[in-house]
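In this text, residue positions in the sequence shown follow the working numbering: the first is 2, and each later residue adds one.
I have placed the structure first, in the form of structure tokens, so that the comments after it can refer back to it.
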Amino acid sequence: MNNKLIAVSVLWLSTSACHTYASQCAENFSVEGNFLKGKTFKTWEEIASLNSQDAFKKIYQHIAQDGWKITNADEKLGIISASQDVSFGEGKTAPLNIVLEENGSYSRVSISYSISGGVSSPKKAVLKSFCDTIAAAKKP
Numbered sequence: 002m003n004n005k006l007i008a009v010s011v012l013w014l015s016t017s018a019c020h021t022y023a024s025q026c027a028e029n030f031s032v033e034g035n036f037l038k039g040k041t042f043k044t045w046e047e048i049a050s051l052n053s054q055d056a057f058k059k060i061y062q063h064i065a066q067d068g069w070k071i072t073n074a075d076e077k078l079g080i081i082s083a084s085q086d087v088s089f090g091e092g093k094t095a096p097l098n099i100v101l102e103e104n105g106s107y108s109r110v111s112i113s114y115s116i117s118g119g120v121s122s123p124k125k126a127v128l129k130s131f132c133d134t135i136a137a138a139k140k141p
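Spelled out as structure tokens, the structure:
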């Protein structure tokens, strides 16, 4: 009986932790602009006890594995800039910028992604990508 109670408690705690992470990333998610003028997607999350050097490396690797072309990275400043080619965009790219800032006992990860007018990106896919990127920074 105690083993079942412990297992249920652990399961509940792990689901709560995932929900907290997802909701903080989602709560801070915003979209500005429209289809004709272009859109900018943004989010941020503050993470306690995050080693910014480790987080930088993990985020860098994550976005590279996710297909982004890294155009600039400055570990000292905590900035990663990347881009993806736009389908049928005649040479257009969509920029992604990630900033890691240390602030006392926590670090803030901010992400922004912009697309030009006439280009579409599904909101849910962008949100998932952002939250997956932030989750990569938190992996042990």
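Where a beta carbon is used, it is the ideal one built from N, C-alpha and C, also for glycine.
All of these numbers come straight from a predicted model, not from anything done at the bench.
Coil, strand or helix - D67 by DSSP: In the sequence shown, residue 67 corresponds to position 66, counting from 1. In this structure, D67 counts as coil in the three-state DSSP scheme.
Report buried or exposed for G118, applying the criterion of at least 16 other Cβ atoms within 10 angstroms of its Cβ. On the sequence shown, position 117 is the one that residue 118 refers to. With fewer than 16 Cβ atoms within 10 Å of its Cβ, G118 is classed as exposed.
Under 8 Å, with one C-beta from each stretch per pair, do the region 45-53 and the region 100-118 reach the 3-pair mark? yes
Is the distance from the Cβ of R72 to the Cβ of S84 below 8 Å? By 1-based counting over the sequence shown, the position of residue 72 is 71. By 1-based counting over the sequence shown, the position of residue 84 is 83. First, the residue type needs correcting, since residue 72 is Thr and not Arg in the sequence shown. Result yes, Cβ atoms of T72 and S84 sit closer than 8 Å.
Could you name the residues that DSSP lists as bridge partners for I99? For the purposes of this step, residue 99 is identified with residue 98 of the sequence shown, where counting begins at 1. For I99, which the question treats as bridged, DSSP gives the partners I81, I112.
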